[in-house]
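Keeping their order, the protein sequence lines are chains A and B. What the first sequence shows, in the working numbering, is residues 53 to 167, in sequence order. What the second sequence shows, in the working numbering, is residues 53 to 167, in sequence order. Step one of this worksheet: look at the structure below.
Number of protein chains: 2
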Amino acid sequence: MAARIATERITDHPDASEIALQSVLEALVDPVRRGIVRQLAASDTDVRCGTFDISVTRTTGTHHFKVLRQAGIIRQYYEGTAKMNTLRRADLERALPGLLDAILAAEVEPTLTPA
Amino acid sequence: MAARIATERITDHPDASEIALQSVLEALVDPVRRGIVRQLAASDTDVRCGTFDISVTRTTGTHHFKVLRQAGIIRQYYEGTAKMNTLRRADLERALPGLLDAILAAEVEPTLTPA
DNA sequence: GTCAACTTTTGATGGGCGTCGTACTATGGC
DNA sequence: GCCATAGTACGACGCCCATCAAAAGTTGAC
Chain A
53 MAARIATERI TDHPDASEIA LQSVLEALVD PVRRGIVRQL AASDTDVRCG TFDISVTRTT
113 GTHHFKVLRQ AGIIRQYYEG TAKMNTLRRA DLERALPGLL DAILAAEVEP TLTPA
Chain B
53 MAARIATERI TDHPDASEIA LQSVLEALVD PVRRGIVRQL AASDTDVRCG TFDISVTRTT
113 GTHHFKVLRQ AGIIRQYYEG TAKMNTLRRA DLERALPGLL DAILAAEVEP TLTPA
């Protein structure tokens, strides 16, 4: 078929108006998930799940992506066998102004501190 | 003795420079603790532990105050038998600019939504 | 010194979350 | 059709955290 970008297959995305502080905090309290968000924020294109630099199993990775998606922090869509990820910056800024920027600005994670 | 404000008896306070994103997020992810911080932010004077409107036992309350203190979010000192609490706004702003404001601005907690 | 008010400490309990291994599904290329 | 690649679903395990009840410590008033 012609459809190569199947956005419709993932139904988990909350509307921008449904993004809640509690869920976002729960999502971003985990360092692995913050790492994902940071890498996403640093990239100027959408990123495939498999290319992230995370220190956990693929299985666990899937779990973290799901949490981020259900909190409304990332948007996911399929492109062939690959699952792509985008940061929902604008939606987050509307729902929780300043929060994402404050967290991204705060500290380059200690584990990544350059020498 | 003459000392009625014994700040020295509590040694847990991290220095402003030691306030870390991870600890602050871990502290503020709990709704009860965010409630404490909100009440503190809304008050123009220091507040005694006992006068907070929290929905848990005093024992649990003590625990939450301790977490907030060790994260560097509040400062505590004794005044007689009462334990007073202050929000460390300036220190937090220096360590994690914009974070506290973003969280306080975000939503009046659903549980507190006025009718 | 004794009593009452305020908060803490200790120990126990329960639930939730991060983690993983294995088995499964889906897509694309041959 | 078959195989390889990308990611998911399921189930299990361990640990950490919020919660509490009961007992103990501190301080101020009398």
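Idealized CB from N, CA, C, for every residue including glycine.
Within 8 Å, strictly: CB atoms of residue i and residue j
i        : j        : result
B:Arg85  : B:Leu156 : no
B:Ala68  : B:Arg146 : yes
A:Ala72  : B:Leu148 : no
B:His115 : B:Asp82  : no
A:Asn137 : A:Leu80  : no
A:Leu151 : B:Ala94  : no
Neighbouring residues, chain B, relative to residue i (Cβ below 7 Å)
i        : result
A:Asp153 : Gly150
A:Ser159 : With the sequence shown as reference, residue 159 of chain A is identified as Glu, and Ser is not the correct amino acid for it. In chain order: Leu73.
Cross-chain neighbours of residue i in chain B, by beta carbon under 9 Å
i       : result
A:Leu80 : Leu77 and Val81
Chain-ordered chain A contacts of residue i [CB-CB under 7 Å]
i       : result
B:Gln74 : Pro83
Distance cut-off 7 Å: residue i Cβ against heavy atoms of the ligand COA
i       : result
B:His65 : This structure lacks the ligand COA, and indeed carries no ligand of any kind.
At what residue ranges does the region 86-156 of chain A contain a whole run of the alpha helix (DSSP H), taking only runs of 4 or more?
110-123 and 141-147
Inter-stretch contact at 8 Å, needing at least 3 Cβ pairs: the region 93-101 of chain B / the region 87-106 of chain A
no
Touch test, the region 72-83 of chain B against the region 116-128 of chain B, Cβ-Cβ under 8 Å, three pairs minimum
yes
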